[in-house]
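Visitor: Taken in order, these protein sequences are the chains called C and V. 30 is the number that the numbering used here gives to position 30 of the first sequence; each next residue is one higher, with no gaps. 563 is the number that the numbering used here gives to position 358 of the second sequence; each next residue is one higher, with no gaps.
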Amino acid sequence: MSRIFTIVLVLIFCFPAAAQSDTATPITADSADRLHPIGRVGSELPSKLAFSPDGEHIVIGTSEYTLIYRANTLSAQPLTLPISDFKFDDEARLAGQGNYWSLETGLSVGIVPTIRALMPDDAHPTTRIEMVKPDGQIITVDTETPYEVIATAVTSDYTELAVAMHVPELSRDRYNATVYLYDLPDGNLYGIFPQNQWELRNFLS
Amino acid sequence: MGVAKFLILNIGYGAQILVSDFWTSQGASGAVEIYALDKGLQTAYPTGHSYEGVQRSPDGKTFAYDAWPQNINSVIMVIGEQGVSMQYPIIPPDCGDNYCPVASYLLGNHHIAFRTDTQITIYNFRDTDAPPLSIELADQQFYGWTLFDDDRWMISKNSSRVTVWDLQAPDAAPITIETEYQRFKQFNDDLSHYAVQSADKQVIYATETGDILAELPLEAVINSTMTQAVWWEGGTVRVWDESVADITSIAVIDSYLGRAMALHAGTGIAAFVGDTFQVVNLTDQTASEVLLSAIPDYIEFTGEGTTFLAEGEFLTTEGEKFSAGLWKLEGGETVLPQSGASNFHISPSGDYVFSRDVPCFSQSEMGEFFGIFRLNPPYTPPPYYVWQSMVYMSGCGVSPVVFPNQTNRVYIGAQRWVIRVDLGSLTESITTFYEDEPTAHPYAVLDYRGTNRPFGVSGVGVSADERWLAVITLFNSSDKPVRLDQFTRQVELFDLNGEVFPYGDPDTLVKRVIHGATRAANHRWGISGDGYGHFSHRAWGRNHHAHHLTRLCPR
Numbered sequence: 001m002s003r004i005f006t007i008v009l010v011l012i013f014c015f016p017a018a019a020q021s022d023t024a025t026p027i028t029a030d031s032a033d034r035l036h037p038i039g040r041v042g043s044e045l046p047s048k049l050a051f052s053p054d055g056e057h058i059v060i061g062t063s064e065y066t067l068i069y070r071a072n073t074l075s076a077q078p079l080t081l082p083i084s085d086f087k088f089d090d091e092a093r094l095a096g097q098g099n100y101w102s103l104e105t106g107l108s109v110g111i112v113p114t115i116r117a118l119m120p121d122d123a124h125p126t127t128r129i130e131m132v133k134p135d136g137q138i139i140t141v142d143t144e145t146p147y148e149v150i151a152t153a154v155t156s157d158y159t160e161l162a163v164a165m166h167v168p169e170l171s172r173d174r175y176n177a178t179v180y181l182y183d184l185p186d187g188n189l190y191g192i193f194p195q196n197q198w199e200l201r202n203f204l205s
Numbered sequence: 206m207g208v209a210k211f212l213i214l215n216i217g218y219g220a221q222i223l224v225s226d227f228w229t230s231q232g233a234s235g236a237v238e239i240y241a242l243d244k245g246l247q248t249a250y251p252t253g254h255s256y257e258g259v260q261r262s263p264d265g266k267t268f269a270y271d272a273w274p275q276n277i278n279s280v281i282m283v284i285g286e287q288g289v290s291m292q293y294p295i296i297p298p299d300c301g302d303n304y305c306p307v308a309s310y311l312l313g314n315h316h317i318a319f320r321t322d323t324q325i326t327i328y329n330f331r332d333t334d335a336p337p338l339s340i341e342l343a344d345q346q347f348y349g350w351t352l353f354d355d356d357r358w359m360i361s362k363n364s365s366r367v368t369v370w371d372l373q374a375p376d377a378a379p380i381t382i383e384t385e386y387q388r389f390k391q392f393n394d395d396l397s398h399y400a401v402q403s404a405d406k407q408v409i410y411a412t413e414t415g416d417i418l419a420e421l422p423l424e425a426v427i428n429s430t431m432t433q434a435v436w437w438e439g440g441t442v443r444v445w446d447e448s449v450a451d452i453t454s455i456a457v458i459d460s461y462l463g464r465a466m467a468l469h470a471g472t473g474i475a476a477f478v479g480d481t482f483q484v485v486n487l488t489d490q491t492a493s494e495v496l497l498s499a500i501p502d503y504i505e506f507t508g509e510g511t512t513f514l515a516e517g518e519f520l521t522t523e524g525e526k527f528s529a530g531l532w533k534l535e536g537g538e539t540v541l542p543q544s545g546a547s548n549f550h551i552s553p554s555g556d557y558v559f560s561r562d563v564p565c566f567s568q569s570e571m572g573e574f575f576g577i578f579r580l581n582p583p584y585t586p587p588p589y590y591v592w593q594s595m596v597y598m599s600g601c602g603v604s605p606v607v608f609p610n611q612t613n614r615v616y617i618g619a620q621r622w623v624i625r626v627d628l629g630s631l632t633e634s635i636t637t638f639y640e641d642e643p644t645a646h647p648y649a650v651l652d653y654r655g656t657n658r659p660f661g662v663s664g665v666g667v668s669a670d671e672r673w674l675a676v677i678t679l680f681n682s683s684d685k686p687v688r689l690d691q692f693t694r695q696v697e698l699f700d701l702n703g704e705v706f707p708y709g710d711p712d713t714l715v716k717r718v719i720h721g722a723t724r725a726a727n728h729r730w731g732i733s734g735d736g737y738g739h740f741s742h743r744a745w746g747r748n749h750h751a752h753h754l755t756r757l758c759p760r
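#1: By a C-beta neighbour count over all protein chains shown, 10 Å radius and 16 as the cutoff for buried, is leucine 534(V) buried or exposed?
#2: Of all Cβ atoms in chain C, is any one closer than 8 Å to the Cβ of tryptophan 445(V)?
#3: From the DSSP output, in three-state form, read off isoleucine 192(C) for me.
#4: Grab the span of the beta strand (DSSP E) containing aspartate 355(V) for me, first residue to last.
#5: Would a check of beta-carbon distances place alanine 162(C) closer than 8 Å to chain V?
#6: Do the CB positions of methionine 119(C) and valine 154(C) come within less than 8 Å of each other?
#7: Please identify the residue among Leu45(C), Phe86(C), Ser108(C) and Ile115(C) whose C-alpha is closest to the C-alpha of alanine 151(C).
#8: For isoleucine 58(C), tell me which candidate among Glu44(C), Leu74(C) and Asp122(C) has the shortest Cα-Cα distance.
#9: Please state the DSSP three-state secondary structure of proline 711(V).
#10: Should phenylalanine 193(C) go down as buried or exposed, given a rule of 16 or more other Cβ atoms within 10 Å for buried?
#11: Report yes if the C-beta distance between asparagine 173(V) and proline 375(V) is below 8 Å; otherwise report no.
#12: With a Cβ-Cβ cutoff of 8 Å, do leucine 701(V) and arginine 672(V) count as a contact?
#13: Quick one: residues in its chain with C-beta nearer than 6 Å to the C-beta of serine 102(C), no 5 flanking neighbours on either side, listed in chain order?
#14: Which same chain residues end up closer than 7 Å to valine 367(V) when comparing Cβ atoms and leaving out the 5 residues on each side of it in sequence?
#15: Below 7 Å on C-beta distance, what does leucine 74(C) contact in chain V?
#16: For valine 778(V), I'd like the list of residues in its chain whose CB is within less than 7 Å of its CB, leaving aside the five on either flank, ordered along the chain.
#17: Sort out for me which residues DSSP pairs glutamine 407(V) with in a bridge.
#18: Roughly how many angstroms separate the alpha carbons of asparagine 486(V) and threonine 140(C), rounded to a whole number?
#19: Determine, for isoleucine 150(C), whether the minimum Cβ-Cβ distance to residues of chain V falls below 8 Å.
#20: Applying a beta-carbon distance threshold of less than 8 Å, which residues of chain C neighbour valine 426(V)?
#21: Mind listing the chain V neighbours of threonine 62(C)? Cutoff is C-beta to C-beta under 7 Å, in chain order.
#22: Is the beta carbon of valine 626(V) closer than 8 Å to that of threonine 636(V)?
#23: Would you say proline 168(C) lies against chain V (beta-carbon separation less than 8 Å)?
#24: Since tryptophan 358(V) and aspartate 371(V) are thought to touch, with beta carbons under 8 Å apart, how far apart are those beta carbons, to the nearest angstrom?
#25: Between Gly709(V), Glu633(V), Thr323(V) and Gly618(V), which has its C-alpha nearest glycine 666(V)'s C-alpha?
#26: If contact means a Cβ-Cβ distance below 8 Å, which residues of the segment 95 to 121 of chain C contact chain V?
#27: With a threshold of 6 Å on Cβ separation, who are the neighbours of asparagine 787(V) within its own chain once the five nearest residues in sequence on each side are excluded?
#28: Under 6 Å Cβ to Cβ from tyrosine 182(C), same chain only, skipping five residues before and after it: list those, please.
#29: Taking only the alpha-carbon atoms, compute the straight-line gap between alanine 177(C) and arginine 70(C) and give it to the nearest angstrom.
#30: With a threshold of 16 other CB atoms inside 10 Å of the CB of glutamate 438(V), please say whether the residue is buried or exposed.
#31: Who are methionine 359(V)'s beta bridge partners in DSSP?
See below:
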C-alpha cells in the first residue's frame with residue numbers, strides 16, 4: 001500500500017499538474033498522437049498466461065513485460081521480454097510486438113509477417129495493402145479502388161494477394177464482398193470475382 | 206494427382222457454387238468445375254439433385270452430399286481426391302426396406318455417420334474394409350460428437366454422460382464418464398486425464414481411476430498433458446503441478462485491485478479505488494489515502510466535487526452487487542475526504558436509480574417503491590425524503606424511475622399509470638394508461654412471497670427532450686396463478702409532441718406498438734439522447750440474455 005502511495009506522489013511531483021498549465025492543448029483527433037501517460041496508481045496489471053505448445057515453458061504476461069519460466073524449474077530466474085502482449089502462432093513460435101522471440105534466450109529471432117489495409121486519405125485516394133514479409137521487406141499494393149477492405153490473405157510464397165472489399169455498387173451487404181486478386185510483388189490486378197469473405201483463406205490454402 | 210482444392214462460394218441470393226480442381230470420377234484432371242447447387246449438380250457426378258447442402262471435411266479434401274432432395278432410399282455421395290470414393294444408400298440395417306428418418310454427418314476427415322432414432326452407424330470412407338461402428342441410442346439423448354487424435358477418438362455427449370469411442374476398434378468397449386451438472390471440457394493427449402467444468406471450478410480427473418487430481422479456478426490455463434495448470438491470484442501466479450501434487454506461487458507483480466476511479470474536471474480532484482481509497486488533488490499536488498469501513502466498487506463525483514460512493518453488496522436491477530454509502534469531501538485547500546465511516550449509509554438492499562448529476566436518487570426493493578430522495582450539500586445524514594406518490598405503488602408493476610435531462614422531473618410507471626413528479630414543486634401528475642383495473646384478474650401473478658399481485662405498467666422510457674414516452678405493459682390471460690416470467694410484455698411508444706402532462710386519452714396520442722408480446726423476465730428501457738430516437742431493451746430470463754435495440758424514427 002505504501003508503495004502505491006509513493007508512486008502516486010512521485011508521479012505527481014514529476015509531472016506538474018496538467019490542470020494548471022496554460023498551454024494545455026485540447027485532446028482532438030489531431031493532438032491524439034501527442035498524448036502520453038503521466039502516471040499510474042497501482043502496479044502493473046496481470047495479463048495472459050500460457051504454456052508453450054510443447055509444455056516446456058510457462059509464459060506470464062503483464063501490462064508492462066512478459067516473463068518466461070521453465071515449467072519444470074519454477075525457482076530459476078525467468079527471462080524477461082519487453083513486450084506486453086504475446087501469442088503462439090500455428091508453428092509454436094512466440095510472437096509479440098512485431099517480433100518472434102526465443103523461449104531459450106529471450107531475444108528477438110525474427111520479424112512477424114503482417115498484412116494491413118491502409119484506407120484512403122488526402123495523400124492517397126485509394127486503398128492500399130501493406131505487407132511485411134518475414135525478412136522485413138515491405139510490399140505495398142495499391143488496390144486502385146477506394147473500397148473498404150473486409151479481409152485479406154496472401155500466399156505463403158508472397159506471389160498472390162487476395163483482398164475482399166465491400167463494393168457498395170454490387171452489394172449493400174458487407175458480408176458479400178468482392179475479391180480482387182493481385183500478383184506479387186508487382187501488384188497487378190489479375191482477377192475479380194464475388195465471394196464470401198469467410199472462404200478467402202480456403203481459396204489460398 | 207489431383208490438387209484437392211475446392212471451395213464453396215456463397216454468391217448471395219441463396220445460390221452456391223462449388224469449385225473443384227481435383228480428379229473427377231470421369232478422369233478429367235486439373236479441371237475447374239463449377240456447380241450451381243440450387244440448380245442441381247451437373248456434369249461429373251451422376252447424382253441428380255442436391256438441395257440439402259454440402260458437408261466438407263476439416264481438411265477440405267472431401268465432401269458429402271445427399272444425392273436426392275429427400276432422403277428416402279437416398280444416396281450419400283462422398284467425394285474425395287480421387288473422385289467418388291463411396292456411395293452410401295441410406296437404408297440403415299434397423300429400417301429394413303422401410304422408410305426411416307436419417308441424418309448424415311461427415312465426421313472429421315475419415316468417417317461418415319448415419320443416424321436414425323435408434324442408432325448411429327459410422328463408416329470409414331478412407332478404409333472401406335474397416336467394419337462400421339454402431340452405437341445404440343436406446344438409453345441416451347445424443348447431443349453431438351467431437352473427434353480428435355487424427356480422428357481416432359470420438360467423444361459423444363448427452364446431458365449426464367461423456368462416452369469415448371475408439372473408431373479404430375469398433376468392438377472395444379467405450380470409456381464412459383458421468384458428468385451430471387458439469388460440462389466436459391476435454392481429454393489430455395493420451396486420454397489418461399480429463400477435465401470437467403462446473404459453475405465455479407475446473408476439475409481434473411484420472412480417467413482410469415476416476416480420482417480427482419486437481420480442483421482449479423475457472424480461469425486456470427491447463428497444459429495439454431493436464432499435468433500443470435496456471436492462474437493469476439492477485440499479482441501472484443499459482444502453478445499446480447501433478448508431479449509434486451502441490452501448488453507453487455510465483456510473485457510477479459504487486460497485488461493491486463483497481464476497482465474504480467473518478468475525475469472531477471471542475472476541481473481537478475481524482476479519486477482512485479483499489480485496495481485503498483485515495484484522493485489526489487491535481488491542483489495543489491497533494492494526495493491522501495483514507496481508510497474506509499469498506500472498499501467501494503463504485504464512485505462518482507457529485508456536481509460540486511463531493512463524492513458518492515457505493516460499497517458492499519446487493520443486487521441492482523442491472524445485476525450488479527453493491528450497497529451504498531455516502532462520503533463527503535471536506536472543503537478548503539486540501540480537499541481531503543473525511544476518514545472513517547460515511548456520513549450516511551443507504552439501506553443495504555434495494556435498487557437505486559441516480560439522476561445524472563447524482564443529487565437525486567430513487568429507491569425500490571423487490572417491486573416496492575420507496576420514493577425519491579435528494580442529497581444536498583453538506584450531505585449531512587440522512588438524505589432527505591423528497592417525494593412518495595400518493596398512488597398505491599407496490600407490486601410487480603413498479604418500474605425504475607426515469608430521470609430525463611431535467612433532474613427536477615422524474616417519471617415512473619406503476620400499475621395503470623405513468624406518474625411525473627416535479628421535484629421542485631413536489632407535485633405529481635398522473636396519466637392513466639389503463640381504464641380497466643389491472644387487478645381485474647385476481648390471480649394475476651404470484652410474487653416471490655407467493656402472494657397474488659396485480660399487473661399493468663411495468664416500465665417507462667422517456668427521451669431526453671421528453672417528447673417520446675414508451676410504456677411497457679404486462680399481460681397474462683391465464684386463469685391460474687403464473688410466475689412473473691410467464692407474463693408477456695408489450696411496448697408502446699407515444700409521441701407527446703405538443704401534449705401537456707398529464708396526457709389525455711392515450712389512444713389519441715400518436716402511438717405505435719414497437720414490440721409485440723415478449724416473455725422477458727426483466728427489462729430496462731430507455732430512449733437515447735443522441736437525436737436518433739434509439740430505444741434499448743435489455744431482457745433476461747431463466748435461460749436467455751439479450752439486448753435489443755430498436756430505431757424509432759430519424760429526426
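Beta carbons are placed, not taken as given, at the ideal position from N, Cα and C, and that holds for glycine. These numbers come from a predicted model, not from an experiment.
Guide: In brief:
#1: For leucine 534(V), the predicted structure reports a pLDDT of 47, less than 50, and the residue's modelled location is therefore unreliable. A value from the coordinates is still provided. Label assigned to leucine 534(V): buried.
#2: no
#3: strand
#4: Element bounds for aspartate 355(V): n/a, residue is neither H nor E.
#5: no
#6: No, Cβ-Cβ distance for methionine 119(C) and valine 154(C) is not below 8 Å.
#7: By alpha-carbon distance to alanine 151(C), the top candidate from Leu45(C), Phe86(C), Ser108(C) and Ile115(C) is Ile115(C).
#8: Leu74(C)
#9: helix
#10: exposed
#11: Limits of chain V in this structure are 206 at one end and 760 at the other, which puts residue 173(V) out of reach.
#12: yes
#13: Val109
#14: Correct list, in chain order: Ile360, Ile382, Thr384 and Phe389.
#15: Neighbours of leucine 74(C) on chain V, chain order: Val444, Thr453 and Ile455.
#16: Here chain V has residues from 206 to 760 only, and residue 778(V) is not among them.
#17: Gln402(V) and Leu421(V)
#18: Distance from the CA of asparagine 486(V) to the CA of threonine 140(C), rounded to the nearest whole angstrom, comes to 49 Å.
#19: no
#20: Leu49, Ala50 and Phe51
#21: Val457 and Ile458
#22: no
#23: no
#24: 6 Å
#25: Gly618(V)
#26: none
#27: Within the shown structure, residues of chain V are numbered from 206 to 760, placing residue 787(V) beyond reach of any answer.
#28: Result list for tyrosine 182(C): Val141, Leu161 and Leu189, in chain order.
#29: Straight-line measurement puts the Cα of arginine 70(C) at about 46 Å from the Cα of alanine 177(C).
#30: Burial call: exposed.
#31: Leu352(V) and Trp370(V)
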